[in-house]
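Structure first, commentary second.
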Amino acid sequence: MTTSIAGGSSNLHYRLSFRQAKGCRQASWISSLTFNGCLRNEISWSDGLSKLLQFQRYKFSRSTISKNWKPLGTRKVSVSSCLRDSTVKYFDFAVIGSGVAGLRYALEVAKYGTVAVITKAEPHESNTNYAQGGVSAVLSPSDSVESHMRDTMVAGAYLCDEETVKVVCTEGPDRIRELIAMGAMFDHGEDGNLHLAREGGHSHHRIVHAADMTGREIERALLEAVVNDPNISVFEHHFAIDLLTSQDGPDMVCHGVDTLNTETQQVVRFISKVTLLASGGAGHIYPSTTNPPVATGDGMAMAHRAQAVISNMEFVQFHPTALADEGLPIKPIKAQENAFLITEAVRGDGGILYNLDRERFMPLYDERAELAPRDVVARSIDDQLKKRCEKYVLLDISHKPREKILSHFPNIAAECLQYGLDITRQPIPVVPAAHYMCGGVRAGLQGETNVQGLYVAGEVACTGLHGANRLASNSLLEALVFARRAVQPSIDHMKSSSLDLSASNWWARPVVPSSLGSNVMDNVSRKTREVRRELQSIMWKYVGIVRSTTRLETAEGEISELEAQWEKYLFEEGWEQTMVGLEACEMRNLFCCAKLVVSSALARHESRGLHYTIDFPHVEETCNCVLNLYDIFDRSLEDLLLKAFGKKCKVPCRIWAANERIQVVNFFTLRFARIFVADFQLTLKVSTPVHFDVVSELV
11 MTTSIAGGSS NLHYRLSFRQ AKGCRQASWI SSLTFNGCLR NEISWSDGLS
61 KLLQFQRYKF SRSTISKNWK PLGTRKVSVS SCLRDSTVKY FDFAVIGSGV
111 AGLRYALEVA KYGTVAVITK AEPHESNTNY AQGGVSAVLS PSDSVESHMR
161 DTMVAGAYLC DEETVKVVCT EGPDRIRELI AMGAMFDHGE DGNLHLAREG
211 GHSHHRIVHA ADMTGREIER ALLEAVVNDP NISVFEHHFA IDLLTSQDGP
261 DMVCHGVDTL NTETQQVVRF ISKVTLLASG GAGHIYPSTT NPPVATGDGM
311 AMAHRAQAVI SNMEFVQFHP TALADEGLPI KPIKAQENAF LITEAVRGDG
361 GILYNLDRER FMPLYDERAE LAPRDVVARS IDDQLKKRCE KYVLLDISHK
411 PREKILSHFP NIAAECLQYG LDITRQPIPV VPAAHYMCGG VRAGLQGETN
461 VQGLYVAGEV ACTGLHGANR LASNSLLEAL VFARRAVQPS IDHMKSSSLD
511 LSASNWWARP VVPSSLGSNV MDNVSRKTRE VRRELQSIMW KYVGIVRSTT
561 RLETAEGEIS ELEAQWEKYL FEEGWEQTMV GLEACEMRNL FCCAKLVVSS
611 ALARHESRGL HYTIDFPHVE ETCNCVLNLY DIFDRSLEDL LLKAFGKKCK
661 VPCRIWAANE RIQVVNFFTL RFARIFVADF QLTLKVSTPV HFDVVSELV
């Protein structure tokens, strides 16, 4: 069972009509959207801006390009490929994100056309750069693809897509060899072969690593290759605001992205034939996360607003061992923006977890002890902390030889030493922290989405590999495999497309709120930071490692109220629908991702993998069911569900109809059911609560 959320869908309170925006040809919108709070004449800024970047196409060809257009050569960063002005740039491929997925993809598609790599900060500032442990792959004669698949499925609580798992585990070794050929330097053993480590959840030693800085080494090798590629332009400090989309009959089509140059405060529009979303995760919906500051869920939120399907957002992985500041001999002067990760490999190398009374506790929870999957270890630590009213536990590797510790974990040793902790002699204080989103934009086996011309790879994607919990060191592997698999369909799409140079005028332009003045902007920034901290607090308190229906419903209500208050403040300060700013755009993305996590968590009436709820502590087996579109007419909702599932129902649900099939999504959460058919929607109030244990995935 996979929970899927129809792109752009949300709880609907009001129906609003959109005006035709200037500069859009034959544009019309009739849409419904969430509006939290009192009704206004204008649509809410969070949803409204993205609607300005969509239009309905009637007589255009699916491709938005002219055959006379030819790609221009580009140079790095400072040189524009723009054919009209400095705020519009045309490329064959636009890549949003500069982690392993984005860079690996860019290097391949650059052989066939011009590429823009758009990155929010410096190119190296990505989750990839912070990945310590390594990349899992079957590279030992004693290991097997079947064993890696089995470990992945077990860790994912059997919610993984088996075909995806097979593809990734089979193709993984070749992706590692490609990195090595590109100059990535991994650790080798005394026998001259790659040193393969073992981490929690793995039955074999299969983790390729570069000490405890594997992500940094991979990023170095890829960035070096990118810099030397004349067909790739890297645009630093360009924040992706929203995807540029159009409706072409039943299809949504992506034509590029609007960005904000955060150094010049200029909006820059990228028109592209193909767009790859590789923007990472959303760790900063929580107050404590191992993710860098850039991980604010921008890609997931943009894709959701662009009508892409979002899946499995309830599965947020909390890494069990982030460095706990409270337990350090020398406390940090100021709080870190992101928690320092203590890699899974420490436990894989023999590290033992103790509570503050030096009692080893993991064998009490799981026979695999410290080598249990992350969800098990994180819940076990959480249970210890709550029972004992303590703030951290201890991870001890000091019983291992000093030389081995320093050679395997030099970065961790150096980080701890600056706070007076010698990990070769003392245990490390650790606590769980938000780490990885197993859900994201639903992707097929070639990284394709339900939005034409939009591909996804990396943490922003939900490929089905991770299921309900990611196996250690499978994330970099997934990013490498899917970045490579997205290449050929992207090339095919690019070759069948052409660019209309007037395309840049199809959408209204976002504007920087310089007219508001510095005092107002300071107030908006201060308020937004306060709201951000409050949202994070709500998520940590109610949507953490252990959940309940009551706490999730409380979070749902408090988040909606908080968002409404924040938007009301913005408009009172003079903020307009088309205005954009880094902090404000990040905030709306955080709200979007937080709501997706909460609604998906409410939808899952079972405990599986990373989603553990005390109200439904057991795993529920489910199956798929598909209805014909015509079955919905002249039937009551009760009859419809009875026909679909063959039994009486008992809680609220929602239904999605697409491509002449009805798909059940986001069940268990709403007070009403919605049936979407073609270009209109019918909202049916649920007079009798309904329940079902059957769900189908969106196609």
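Counting in my numbering, the sequence shown runs from 11 upward without gaps.
Backbone N, C-alpha and C define an ideal beta-carbon position, used for all residues, glycine too.
Contacting residues, own chain, Cβ-Cβ under 7 Å from residue i (five flanking each side not counted)
| i | result |
| --- | --- |
| Ile501 | Val119, Tyr122 |
| Gly143 | Glu209, Ile217, His219, Thr224, Thr353, Glu354, Ala355, Ala482, Ser483 |
| Leu620 | Phe325, Val326, Gln327, Asp385, Cys448, Ala478, Asn479 |
| Tyr579 | Lys537 |
| Asn599 | Thr306, Gly307, Asp308, Ala311 |
| Ile242 | Ala116, Ala120, Val125, Val127, Val236 |
| Asp406 | Gly361, Ile362, Tyr364, Pro437 |
Residue i in three-state terms, based on DSSP
| i | result |
| --- | --- |
| Thr162 | helix |
| Leu416 | helix |
| Gln66 | The pLDDT assigned to Gln66 is 40, lower than 50, so where the model puts this residue is not dependable, and the model offers no usable value. |
| Met310 | helix |
| Cys448 | coil |
| Ile190 | helix |
| Arg598 | helix |
| Val178 | helix |
| Ile569 | helix |
| Gln546 | helix |
| Asp115 | At residue 115 the sequence reads Tyr, which differs from the Asp that was named. Here Tyr115 sits in helix by DSSP. |
| Pro297 | coil |
| Glu52 | Residue placement at Glu52 cannot be trusted, given a pLDDT of 34 that sits under 50; what the coordinates show is reported in the next sentence. Coil. |
| Ser157 | helix |
| Phe280 | strand |
| Tyr122 | coil |
| Glu209 | coil |
Same chain only: Cβ atoms within 6 Å of residue i, ignoring 5 sequence neighbours per side
| i | result |
| --- | --- |
| Met262 | Thr255, Gln317, Val461 |
| Arg480 | Gln327, Tyr446, Cys448 |
| Ala493 | Ala111, Arg114, Tyr115, Ala467 |
| Pro240 | none |
| Phe419 | Asp222 |
| Ser289 | Ile106, Gly107, Asp308, Gly309, Val470 |
| Ala231 | Met192, Gly193, Ala194 |
| Leu253 | Cys264, Val267, Met312, Ala316 |
| Glu616 | Phe626, Val629, Glu630 |
| Glu566 | Val608 |
Whether residue i touches residue j by CB criterion (8 Å)
| i | j | result |
| --- | --- | --- |
| Ala334 | Lys414 | no |
| Phe249 | Cys602 | no |
| Gly210 | Arg357 | yes |
| Glu347 | Pro303 | yes |
| Leu206 | Leu149 | yes |
| Val556 | Asp392 | yes |
| Met323 | Leu509 | no |
| Gln456 | Ala496 | yes |
| Gly109 | Ala382 | no |
| His431 | Pro523 | Note that residue 431 corresponds to Leu in the displayed sequence, not to His. Taking 8 Å as the Cβ cut-off, Leu431 and Pro523 do not qualify as a contacting pair. |
| Cys472 | Ala453 | yes |
| Val590 | Leu270 | yes |
| Pro520 | Ile281 | no |
| Leu487 | Val145 | yes |
| Val177 | Met159 | no |
Exposure of residue i, with buried meaning 16 or more beta-carbon neighbours within 10 Å
| i | result |
| --- | --- |
| Thr331 | buried |
| Cys179 | buried |
| Lys505 | exposed |
| Ala311 | buried |
| Leu374 | exposed |
| Glu172 | exposed |
| Lys660 | With a pLDDT of only 36 at Lys660, under 50, the local geometry of the prediction cannot be trusted, and the value read off the model is given with reservation. Burial call: exposed. |
| Lys99 | buried |
| Phe678 | Note that Phe678 has pLDDT 30, beneath the 50 cutoff, so the model's placement of it is unreliable and no number is given. |
| Ser298 | buried |
| Ser512 | exposed |
| Ser719 | In this structure the chain extends from 11 to 709, so residue 719 is not present and cannot be described. |
| Gln394 | buried |
Same chain only: Cβ atoms within 8 Å of residue i, ignoring 5 sequence neighbours per side
| i | result |
| --- | --- |
| Phe643 | Because the pLDDT at Phe643 is just 37, under 50, the model does not fix this residue reliably, and the value given afterwards should be weighed accordingly. No residues qualify anywhere along the chain. |
| Ile190 | Phe196 |
| Tyr622 | Asp385, Arg389, Ile555, Val556, Arg557 |
What runs of the beta strand (DSSP E), each 3 residues or longer, lie entirely inside the region 218–254? Counting whole runs of 3 or more residues, the region 218–254 contains the beta strand (DSSP E) stretches 242–245.
Output the residue ranges of the alpha helix (DSSP H) runs that lie fully inside the region 473–542 and measure 4 residues or longer, sorted by chain position. Qualifying alpha helix (DSSP H) stretches, in chain order: 484–495, 497–505.
Within the region 356–433, note down every full alpha helix (DSSP H) run reaching 4 residues or more, in order along the chain. Whole alpha helix (DSSP H) segments, 4+ residues: 372–375, 384–398, 412–418, 420–427.
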